[in-house]
Every structure is written in C-alpha cells, then in structure tokens.
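Chemist: Read in order, the letters of the sequence shown are residues 3 to 94 in the working numbering.
C-beta: ideal position from N, C-alpha, C; glycine also.
Note that the structure is predicted; figures quoted are calculated from it, not measured.
Once you've had a glance at the structure underneath, I'll fire off some questions.
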Amino acid sequence: MAESQSRTMIAPKKAKPTIPLIDEYCENYRNLFPEVRSYQAFKNIHVGMLSEIKRKTLPESAKVVGLENEQGLHHFLTRSTWKVEKMRSFRI
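Rendered as structure tokens:
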C-alpha cells in the first residue's frame with residue numbers, strides 16, 4: 003500500500019452552532035479567523051452580548067455559552083491571531 007493511501011483524511015474541525023441569527027451573522031466574518039477556536043470565541047462573545055445577562059462580562063458570557071471559565075474568551079481578545087485591521091475594513 004502506498005504511503006499516501008495509508009493516511010486517513012481528517013475533516014477540519016468546525017465551530018459549534020450557537021443561535022441561528024448569530025451563526026448567520028458571524029459566518030460573514032469566518033475567513034478573518036485562521037483558527038476554529040478564535041472563530042468559536044467570536045461567536046460566543048456575540049451570544050454573551052445578545053443574552054439577557056445583567057452584566058456583559060467575560061465570566062458571565064462564558065457561563066451563558068457553557069464554558070468552564072472565561073479564559074478562552076479573554077485569550078481571543080488579547081492574544082489571538084486574528085487582525086483587528088482586517089475586521090475594521092470588513093465590517094458589514
């Protein structure tokens with residue numbers, strides 16, 4: 003068996019669905035995020051902003067989307083590989 007035939011193709015990981023409205027809106031920005039986890043955090047922050055929580059903080063937003071803590075959301079805003087300039091130029 004050739005080496006290329008013995009390798010198994012693995013489908014790329016996809017972001018988990020959230021609320022249809024948010025998924026549809028965020029899909030417009032999908033190409034701005036090189037990593038799935040960055041795109042997922044982008045979607046999760048939108049869920050938090052549109053939720054009925056009293057305080058729109060990262061810890062409260064993390065709870066709303068079922069995360070253990072806000073670390074991933076904080077990392078998205080402070081250390082992620084997406085570019086703010088591209089986001090600003092693409093806004094819809």
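Using a Cβ distance threshold of 8 Å, determine whether the segment 13 to 25 contacts the segment 39 to 47, with at least three qualifying pairs required.
Modeler: Yes, they touch.
Chemist: How would you write the range of the alpha helix (DSSP H) that Arg39 sits in, first residue to last?
Modeler: Here the alpha helix (DSSP H) through Arg39 covers Val38 to Leu52.
Chemist: Rounded to whole angstroms, what's the CA-CA distance from Tyr41 to Glu72? Just pull it up for me.
Modeler: Each residue's Cα considered, the two are about 15 Å apart.
Chemist: How many angstroms separate the CA atom of Pro61 from the CA atom of Phe78?
Modeler: For Pro61 and Phe78, the distance between alpha carbons rounds to 14 Å.
Chemist: Taking only three categories from DSSP, how would you classify Ile55?
Modeler: In the structure shown, Ile55 sits in coil (DSSP, three-state: anything other than H, G, I, E or B).
Chemist: Report the option in Pro36, Gly68 and Lys65 whose CA atom is closest to the CA atom of Leu86.
Modeler: Rather than Leu, the amino acid found at residue 86 in this sequence is Val. Measuring from the Cα of Val86, the nearest candidate turns out to be Pro36.
Chemist: Is it true that the CB of Val49 sits closer than 9 Å to the CB of Val67?
Modeler: A contact, by the Cβ cut-off of 9 Å.
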